[in-house]
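Notes to accompany the following structure.
There are 2 protein chains.
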Amino acid sequence: MNYIDDINFNAAGLVAVICQDFKTDKVLMMAWMNKQALDLSIQKNKAVFYSRSRQKLWHKGEESGFFLNIKDIRLDCDGDVILLKVEQIGGISCHTGRLSCFYRRLKNNNQWESFLNVLKDPAIIYKKNKNAK
Amino acid sequence: MNYIDDINFNAAGLVAVICQDFKTDKVLMMAWMNKQALDLSIQKNKAVFYSRSRQKLWHKGEESGFFLNIKDIRLDCDGDVILLKVEQIGGISCHTGRLSCFYRRLKNNNQWESFLNVLKDPAIIYKKNKNAK
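In structure tokens, the structure reads:
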């Protein structure tokens, strides 16, 4: 029996993947993987996702240089969520140029407030393609 | 404009919700909310999810006593994942009786290894209904 048999991919063949910095424990982002992306991630020891919007593999860091090196792979009780402990390269995980994708916080007035600075202009990060993540 | 307008619920009307201990930063679980669950969570200051398997609201802790008190609500760049910073009551988040749902780790032999102990027998936690989470 292979490890893949314990993963419950959804109807679209995807599993949710939470990425957490292995040193700081900050939650950096959540994305999705299909079987191929998971296989490649394990082979390369770097996060490879499946982009639902672009409907293709998304080699995280390929354009930006902000790779996520895999330190540990964990699976939840239902087998439908993976938790990756990662080493974040370059200090930026979000395509907006921030440390983490979770940069908005709900305030008492029921509005979202940004609490993380943009560390680098996305236009500079993604020279080839501004829409790439 | 309300905070809810920035949330991109999926085709099933759900948004993914990662729960992270606000003190230890451990990732405890991931579940889903619909608008009603999110509204109730904010009102009660306790996590209320939508159970996809049971197709109804899931008042986390209602049976087990293991409530998740909300300390902070964060939203990702795409608006389709919420990160809850929570105070975990009772030291158990997983329906298997463990601290976290992410209790399996991929070993070099490509097998999952459990690395978190069962702290309490689920049969005792869920006296009324063994299948409840």
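Residue numbers (numbering that gives the first Met the number 0), protein chains in the order written: chain H, 0 to 132; chain P, 0 to 132.
Beta carbons are placed, not taken as given, at the ideal position from N, Cα and C, and that holds for glycine.
Look at Gln-42 of chain P here: in three-state DSSP terms it is helix. Secondary structure remark: continuous alpha helix (DSSP H) runs of at least 4 residues inside the segment 16-90 of chain H, in chain order: 34-43.
With fewer than three CB-CB distances shorter than 8 Å, the segment 63-71 of chain P does not count as touching the segment 6-16 of chain P. Restricting attention to alpha helix (DSSP H) runs no shorter than 4 residues, the segment 107-131 of chain P encloses them at 121-124, ordered along the chain.
Of the residues P:Leu-27, P:Val-47, P:Met-29, P:Gln-42, the one whose Cα lies closest to the Cα of Ala-36 of chain P is P:Val-47. Contact with chain H is absent for Asn-33 of chain P, since none of that chain's Cβ atoms lies less than 8 Å from the residue's Cβ. Under a criterion of Cβ atoms nearer than 8 Å, the residues of chain H adjacent to Trp-111 of chain P are, in order, Tyr-2, Asp-5, Leu-74. Distance from the CA atom of Arg-53 of chain H to the CA atom of Gln-110 of chain H, rounded to whole angstroms, is 30 Å.
Within chain H, the residues placing a beta-carbon under 7 Å from that of Gln-19 of chain P are Val-26, ordered along the chain. Residue contact with chain P for His-94 of chain H: present (Cβ-Cβ distance below 8 Å to some residue of chain P). Residue-level contact check: Phe-66 of chain P does not touch chain H, since none of the beta carbons of chain H fall below 8 Å from its beta carbon.
Residue-level contact by beta carbon holds for Phe-101 of chain H and chain P, with a gap shorter than 8 Å.
If you look at Leu-105 of chain P, you'll find it in the beta strand (DSSP E) that goes 103-105.
Counting only residues of its own chain and dropping the five nearest sequence neighbours on each side, Leu-39 of chain P has a CB closer than 6 Å to the CB of Val-47. Across the structure, Asp-75 of chain P and Lys-106 of chain P are spaced so that their CA atoms are roughly 30 Å apart. Sorting P:Tyr-102, P:Arg-104, P:Thr-95 by C-alpha distance to the C-alpha of Asp-120 of chain P places P:Thr-95 at the top.
In this structure, Ile-72 of chain H and Leu-83 of chain H form a Cβ contact; the two beta carbons are roughly 6 Å apart against a cut-off of 8 Å.
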